[in-house]
Amino acid sequence: MPERKASDRIRNLSLCVLALLAFALLMFPLYWMVVTSLKTEIEIFKVPPTLVPQVLNTDSYFAQLKHGDFNMFQSFKNSFAISSCVMLICLVLAIPASYGIARFRFKGKRLFILSFLVTQMLPVSVLLTPMFIIFKNARLLNTQLSAILADATIGIPFSVLILIGYFASIPKELEDASRIDGCNRFSAFLLIFLPIASPGVIVCTVFSFLYGWGDLAYGMTFLQDQAMRPITAGIFNFMGQYGTKWSYLTAFAVVTIIPVIAIFVFMQKYIISGLTSGAVKG
Amino acid sequence: MNRIKRFFGQGNIGYLFVLPAAIYMLLLVGYPIISNFILSFQDVTVMTLNKPHKPFIGIRNYRTLLGDGVLLPSLVNTFVFTVCCIALQFIIGFALALFLGRDFSIARPIRGLLMIPWMIPMTVTALMFKFMFSSNVGILNQFLQACGLIGQPIEWLLQPRLAMLSLIVANTWIGIPFNMILISTGLTTIPPELLEAASIDGANRRQSFFHITLPMLKSVIESVLILGFIYTFKVFDLVFVMTNGGPVNSTHLLSTYSYKLSFTLFKYSQGAATANILFLILFVVSIAYLKFVYDDKETD
């Protein structure tokens with residue numbers, strides 16, 4: 148028996164080492180980006196490259212605060228505002244829609260589901276030019292509302308489809324019981340359905356926020372004024388302006404992914420459930 | 156008013172819940188798709204954008220595009236990019252799923268952490284890879300030179316073929332987690348008794364992989380590949396930031412070429428036509444996918 152245990156431990160250890168190697172290889176780009184943002188511009192050009200910064204340089208993060216024509220913290224705020232609004236629109240529209248589809252019978256229900264499924268697969272490109280013209284005519288260009296309205300079209304179908312599954316899984320008896328206890332449709336929805344579906348709601352909150360956060364095409368096209376643009380468009384603009392000042396550029400990129408990493412740390416299980424249930428039928 | 160009340164009273168109340176979202180999507184997705192379609196048959200440029208009457212020119216935009224020497228290569232690029240990315244990310248993702256599906260102490264946390272590349276904005280990924288592939292400071296060239304594999308730094312992003320290769324590598328990096336996690340989920344649905352029974356019957360690892368694991372994963376694999384196709388075929392941000400279609404239009408995908416036509420050259424109608432081609436291809440694939448998922452459900 149003890150021999151068996153020893154061999155198990157060796158097996159476990161060697162698999163762990165192998166997994167860590169694969170992990171290090173796959174995560175290297177991210178590591179490299181963070182490390183570069185903490186190096187001086189001279190050290191970045193050093194051959195052979197240094198794996199850990201020899202002089203810790205945090206200037207790249209603060210230079211933009213002190214001077215510079217472009218403020219990455221401003222664009223961070225813009226992205227935050229845009230993504231939060233996108234998230235709100237998605238929830239406000241998707242929760243009732245999915246509840247309606249899951250719990251009521253009506254004609255054309257399949258058509259609704261099908262159109263949400265198809266819109267989820269739409270390319271951004273097909274909407275960009277017509278939306279640009281529509282927003283221009285509606286005088287919405289150069290307002291953050293245009294980016295918000297456009298970004299939400301990605302999150303809504305996703306959220307509806309995720310939540311249908313949650314609402315549909317709630318047994319009919321529970322609804323009947325709540326009726327007997329004096330709930331009407333609306334209070335049953337608020338008191339019974341919404342709490343049970345709350346993991347699904349969290350998935351939708353996370354994903355609609357991330358869709359807004361990651362968008363480049365809409366924000367960059369509909370917003371021309373740099374002071375209003377989201378952080379992704381800010382980076383792109385910055386790349387054109389500063390070309391190869393990689394310490395600044397990587398610092399900018401690191402700031403952009405901070406909320407994403409934070410969401411990942413706290414919401415990991417929801418992210419994985421969203422990804423799998425959004426893509427493959429249960 | 157009473158008729159409206161009666162309509163929603165008789166079990167049609169479901170509409171009330173769905174309508175706000177449906178109207179929103181009709182206005183901001185349905186209407187633009189149709190107007191994109193119409194736009195592609197008109198002649199709208201920066202000159203005619205503000206005029207009330209837009210000249211209708213039939214399929215001339217499509218003909219111009221076919222002859223412009225960029226659209227067709229972009230179409231080919233889009234397919235090459237998509238097929239290469241799917242193949243790579245599927246193989247690597249599958250291998251990782253199998254490996255991390257084995258029972259050892261850090262398998263689960265590692266699998267979770269590997270999701271990060273899929274979550275970070277593509278703009279950031281593009282910047283990161285642009286940096287690593289850059290010819291003078293890029294870690295890739297520095298590494299290859301240090302190993303003595305190359306003498307001179309390679310201009311990864313300035314030669315058409317290499318630039319396409321770099322884009323494929325970057326996009327594969329994003330796609331691996333997606334493939335891995337879906338296949339991992341599929342793997343958990345295979346009853347372990349089945350694999351045990353096979354090994355008792357004398358099947359080796361390879362045999363049980365090809366005769367049990369693969370057939371059991373068939374529908375998951377099909378979903379992963381088709382969804383991978385849809386997501387990769389429409390990629391925009393990554394290519395736009397990394398090469399913007401360059402050098403000399405050689406790495407344009409339909410999405411980036413459409414953007415260039417509309418927002419750099421201000422030929423809105425030609426941009427719309429290019430986007431329309433992209434849309435039609437994706438639409439066919441999406442419908443095929445949905446039909447396939449639906450048929451599968453019927454037989455379940």
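In order, the protein sequences belong to chains Y and W. Each residue of the first sequence is one higher than the one before, starting from 148 at the first, in the numbering used here. Each residue of the second sequence is one higher than the one before, starting from 156 at the first, in the numbering used here. Yeah, the Cβ is synthetic: ideal placement off N, Cα and C, and Gly gets one too. Given the structure is predicted, the values throughout are model-derived calculations rather than measurements.
Within 10 angstroms of its Cβ, does threonine 430 of chain Y collect 16 or more other Cβ (buried), or is it exposed?
-> In this structure chain Y extends from 148 to 429, so residue 430 of chain Y is not present and cannot be described.
For leucine 363 of chain Y, which residues from the same chain have a beta carbon less than 7 Å from its beta carbon, with the 5 sequence-adjacent residues on both sides left out?
-> Taking the first residue of the first sequence as 1, we reach residue 363 of chain Y at position 216. When the five nearest sequence neighbours on each side are left out, the beta carbons in the same chain lying within less than 7 Å of the beta carbon of leucine 363 of chain Y are those of Thr379, Ala380 and Phe383, in order along the chain.
Going along the chain, which residues of the region 200-220 of chain W sit with their C-beta nearer than 9 Å to a C-beta in chain Y?
-> Under the 9 Å Cβ criterion, the region 200-220 of chain W contributes Leu204 and Asn205.
Alpha carbon to alpha carbon, how far is tyrosine 170 of chain W from phenylalanine 251 of chain Y? Give it in angstroms, no decimals.
-> If you number the first sequence from 1, residue 251 of chain Y lands on position 104. If you number the second sequence from 1, residue 170 of chain W lands on position 15. CA-to-CA, the gap between phenylalanine 251 of chain Y and tyrosine 170 of chain W works out to about 9 Å.
Return the first residue and the last residue of the alpha helix (DSSP H) that serine 417 of chain W is part of.
-> Taking the second sequence and counting its residues from 1, the one referred to as residue 417 of chain W is at position 262. Per DSSP, serine 417 of chain W belongs to the alpha helix (DSSP H) from 409-418.
Give the range of the alpha helix (DSSP H) segment to which arginine 376 of chain Y is assigned.
-> Looking up residue 376 of chain Y in the first sequence gives position 229. That residue, arginine 376 of chain Y, is in no alpha helix (DSSP H); it is neither H nor E in DSSP.
Taking all protein chains shown into account, decide if valine 194 of chain Y is buried (16 or more other Cβ within 10 angstroms of its Cβ) or exposed.
-> Residue mapping note: residue 194 of chain Y aligns to position 47 of the first sequence, counting from 1. Under this definition valine 194 of chain Y is an exposed residue.
Inter-stretch contact (C-beta, 8 Å, three-pair minimum) for the region 284-300 of chain W and the region 317-325 of chain W | Under the 8 Å Cβ criterion, the region 284-300 of chain W counts as touching the region 317-325 of chain W, having at least three qualifying pairs.
Cβ-based contacts, 9 Å cut-off: residues of the region 328-358 of chain W near chain Y = Within the region 328-358 of chain W, the residues whose Cβ lies closer than 9 Å to some Cβ of chain Y are Trp328, Ile331, Pro332, Phe333, Ile336, Leu337, Ser339, Thr340 and Gly341, listed in chain order.
Residue ranges of each alpha helix (DSSP H) within the region 334-396 of chain Y, 4 or longer = Entirely contained in the region 334-396 of chain Y, the alpha helix (DSSP H) runs reaching 4 residues are, in chain order, 345-361, 364-369 and 378-389.
List, in order along the chain, the chain Y residues whose C-beta lies closer than 8 Å to that of asparagine 431 of chain W?
-> Working through the second sequence from its first residue, we reach residue 431 of chain W at position 276. Chain order gives the chain Y residues near asparagine 431 of chain W as Val273, where near means a beta carbon separation below 8 Å.
What's the C-alpha gap between serine 231 of chain Y and leucine 183 of chain W?
-> Against the first sequence, residue 231 of chain Y aligns to sequence position 84. Against the second sequence, residue 183 of chain W aligns to sequence position 28. Counting only the Cα atoms, leucine 183 of chain W lies some 19 Å from serine 231 of chain Y.
Secondary structure at glutamine 300 of chain W, three-state DSSP: helix, strand or coil?
-> In the second sequence, the residue the question calls residue 300 of chain W occupies position 145. In the three-state scheme derived from DSSP, where H, G and I count as helix and E and B as strand, glutamine 300 of chain W is classed as helix.
Beta-carbon proximity of alanine 169 of chain Y to leucine 251 of chain W, cut-off 8 Å | Taking the first residue of the first sequence as 1, we reach residue 169 of chain Y at position 22. Taking the first residue of the second sequence as 1, we reach residue 251 of chain W at position 96. Their beta carbons are under 8 Å apart, which means alanine 169 of chain Y touches leucine 251 of chain W by this criterion.
Give me the Cβ distance between alanine 166 of chain Y and isoleucine 261 of chain W, rounded to the nearest whole Å; I'm assuming they're in contact under 8 Å.
-> On the first sequence, position 19 is the one that residue 166 of chain Y refers to. On the second sequence, position 106 is the one that residue 261 of chain W refers to. Yes, alanine 166 of chain Y and isoleucine 261 of chain W are in contact; Cβ-Cβ is about 6 Å, under 8 Å.
Given threonine 403 of chain Y, which residues of its chain have a CB within under 6 Å of its CB, disregarding the five upstream and five downstream residues?
-> Residue 403 of chain Y sits at position 256 when you count from the first residue of the first sequence. Excluding sequence neighbours, threonine 403 of chain Y sits near Ile378.
Residue from W:Phe211, W:Thr398 and W:Gly293 with nearest C-alpha to proline 196 of chain Y = One-based indexing of the first sequence puts residue 196 of chain Y at position 49. Ranked by Cα distance from proline 196 of chain Y, the options W:Phe211, W:Thr398 and W:Gly293 are led by W:Gly293.
Could you say which of W:Ala427, W:Val439 and W:Tyr444 lies nearest to aspartate 198 of chain W if we only look at CA atoms?
-> On the second sequence, position 43 is the one that residue 198 of chain W refers to. Across the set W:Ala427, W:Val439 and W:Tyr444, the C-alpha of W:Ala427 shows the shortest separation from the C-alpha of aspartate 198 of chain W.
Hey, leucine 282 of chain W and methionine 386 of chain Y are a contact pair by Cβ (cut 8 Å); roughly how many whole angstroms apart?
-> In the second sequence, counting from the first residue as 1, residue 282 of chain W sits at position 127. In the first sequence, counting from the first residue as 1, residue 386 of chain Y sits at position 239. Leucine 282 of chain W to methionine 386 of chain Y, Cβ: 7 Å. Contact.
Is there a Cβ from chain W that is less than 8 Å from the Cβ of proline 406 of chain Y?
-> By 1-based counting over the first sequence, the position of residue 406 of chain Y is 259. No, because no Cβ of chain W sits closer than 8 Å to the Cβ of proline 406 of chain Y.
Do the CB positions of leucine 416 of chain W and glutamine 425 of chain W come within less than 8 Å of each other?
-> The residue you call residue 416 of chain W lines up with position 261 of the second sequence. The residue you call residue 425 of chain W lines up with position 270 of the second sequence. Yes; because the gap between Cβ atoms is below 8 Å, this pair is in contact.
How many angstroms separate the CA atom of arginine 326 of chain Y from the CA atom of lysine 319 of chain Y?
-> Mapped onto the first sequence, residue 326 of chain Y falls at position 179. Mapped onto the first sequence, residue 319 of chain Y falls at position 172. For arginine 326 of chain Y and lysine 319 of chain Y, the distance between alpha carbons rounds to 11 Å.
Beta-carbon of isoleucine 261 of chain W versus every beta-carbon of chain Y: anything under 8 Å?
-> Your numbering for residue 261 of chain W matches position 106 in the second sequence. Output row for isoleucine 261 of chain W: interface = yes.
Spell out whether any CB of chain Y is found under 8 Å from the CB atom of isoleucine 241 of chain W.
-> The count along the second sequence starts at 1 and reaches residue 241 of chain W at position 86. No, because no Cβ of chain Y sits closer than 8 Å to the Cβ of isoleucine 241 of chain W.
Boundaries of the alpha helix (DSSP H) in which tryptophan 273 of chain W is found, first to last residue = Working through the second sequence from its first residue, we reach residue 273 of chain W at position 118. Looking at the DSSP string, the run of the alpha helix (DSSP H) that includes tryptophan 273 of chain W is 271-274.
Would you say cysteine 163 of chain Y faces chain W, with C-beta separation under 8 Å as the test?
-> Within the first sequence, residue 163 of chain Y is the residue found at index 16, counting from 1. Contacts with chain W at 8 Å (Cβ-Cβ) include cysteine 163 of chain Y.
Under the three-state DSSP convention, the category phenylalanine 488 of chain W falls into = Residue 488 of chain W lies beyond the residue range present for chain W, which begins at 156 and ends at 455; the question has no answer from this structure.
Indicate the three-state DSSP secondary structure (helix, strand or coil) for phenylalanine 211 of chain W in the structure shown.
-> In the second sequence, the residue the question calls residue 211 of chain W occupies position 56. DSSP places phenylalanine 211 of chain W in strand when its eight states are reduced to three.
What in chain Y is Cβ-close to isoleucine 275 of chain W, meaning under 7 Å?
-> Within the second sequence, residue 275 of chain W is the residue found at index 120, counting from 1. Those are Ile404 and Val407, listed as they occur along chain Y.
On the DSSP bridge assignment, give the partners of glutamine 197 of chain W in chain order.
-> Along the second sequence, one-based indexing puts residue 197 of chain W at 42. Paired residues: W:Phe211.
Starting from the Cα of serine 339 of chain W, find the closest Cα among W:Pro187, W:Pro228 and W:Phe245 and give me that residue.
-> Numbered from its first residue, the second sequence carries residue 339 of chain W at position 184. Residue W:Phe245 is the option with its Cα nearest to serine 339 of chain W.
Compute the distance between the beta-carbons of tyrosine 417 of chain Y and serine 207 of chain Y, then report whether it is under 8 Å.
-> Your numbering for residue 417 of chain Y matches position 270 in the first sequence. Your numbering for residue 207 of chain Y matches position 60 in the first sequence. In this structure, serine 207 of chain Y does not lie closer than 8 Å to tyrosine 417 of chain Y by Cβ.
Neighbouring residues, chain Y, relative to leucine 437 of chain W (Cβ below 8 Å) | The count along the second sequence starts at 1 and reaches residue 437 of chain W at position 282. The contact set of leucine 437 of chain W on chain Y, defined by CB atoms closer than 8 Å, consists of Met268, Leu269 and Pro270 in chain order.
Just to confirm, are isoleucine 212 of chain W and phenylalanine 196 of chain W a CB contact at a threshold of 8 Å?
-> Numbered from its first residue, the second sequence carries residue 212 of chain W at position 57. Numbered from its first residue, the second sequence carries residue 196 of chain W at position 41. Result yes, Cβ atoms of isoleucine 212 of chain W and phenylalanine 196 of chain W sit closer than 8 Å.
Got a sec: which bits of the region 228-247 of chain Y sit with their beta carbon under 7 Å from any beta carbon on chain W, in order along the chain?
-> The residues in question are Leu240, Ala241, Pro243, Ala244, Tyr246 and Gly247.
Short CB-CB distance (under 8 Å) between glycine 169 of chain W and chain Y | In the second sequence, the residue the question calls residue 169 of chain W occupies position 14. By this cut-off, glycine 169 of chain W is an interface position.
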